[in-house]
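Asks:
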Amino acid sequence: MIYKVYYQENANEVPVRENTKSLYLEASSEREVRHYLKDRKISIEYIQLLEGNYLEYEKNSPNFQLENA
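Residue numbering for the sequence shown follows the numbering used here, beginning at 50 and increasing consecutively.
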């Protein structure tokens with residue numbers, strides 16, 4: 050399964066929408082995604098499972114770079 054993770058780079062600052070970034074991970078569960086990212090100094094806002102048409106749309110994005118958990 051492919052997940053899109055919305056995050057802030059600095060975990061010590063208040064989240065600001067304009068600073069939200071995203072990354073894409075292939076993992077078997079949301080728990081695996083959180084475990085994979087636990088050592089990074091980021092603040093996770095939201096983890097979204099990508100499926101169907103939404104996944105195809107994201108794959109066409111120039112920012113789509115898939116990481117494996």
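Note that the Cβ used here is the ideal one computed from N, Cα and C, for glycine as well.
Remember, predicted model here, so these are calculated numbers, not experimental data.
1. Suppose contacts are defined by Cβ-Cβ distances below 9 Å. Is residue 50 in contact with residue 99 by that definition?
2. Could you please give the first and the last residue of the uninterrupted alpha helix (DSSP H) stretch that includes residue 107?
3. Quick check on the DSSP output: the alpha helix (DSSP H) that includes residue 82 runs from which residue to which?
4. Rounded to whole angstroms, what's the CA-CA distance from residue 109 to residue 53? Just pull it up for me.
5. Where does the unbroken beta strand (DSSP E) through residue 54 begin, and where does it stop?
6. Which residue's Cα is closest to the Cα of residue 63: 74, 112 and 91?
7. Which residues bound the beta strand (DSSP E) around residue 70?
Replies: Taking the coordinates as given:
1. Taking the first residue of the sequence shown as 1, we reach residue 50 at position 1. Taking the first residue of the sequence shown as 1, we reach residue 99 at position 50. Contact: yes.
2. Within the sequence shown, the letter at position 58 stands for residue 107. 101-108 is the extent of the alpha helix (DSSP H) around residue 107.
3. For the purposes of this step, residue 82 is taken as residue 33 along the sequence shown, with counting starting at 1. That run of the alpha helix (DSSP H) goes 79-86.
4. Within the sequence shown, residue 109 is the residue found at index 60, counting from 1. Within the sequence shown, residue 53 is the residue found at index 4, counting from 1. If I take the Cα positions, the gap works out to 14 Å.
5. Along the sequence shown, read from residue 1 onward, the residue named residue 54 stands at position 5. Start and end: 51-57.
6. The count along the sequence shown starts at 1 and reaches residue 63 at position 14. Out of 74, 112 and 91, 91 has the C-alpha closest to the C-alpha of residue 63.
7. If you number the sequence shown from 1, residue 70 lands on position 21. Unbroken beta strand (DSSP E) run through residue 70: 70-75.
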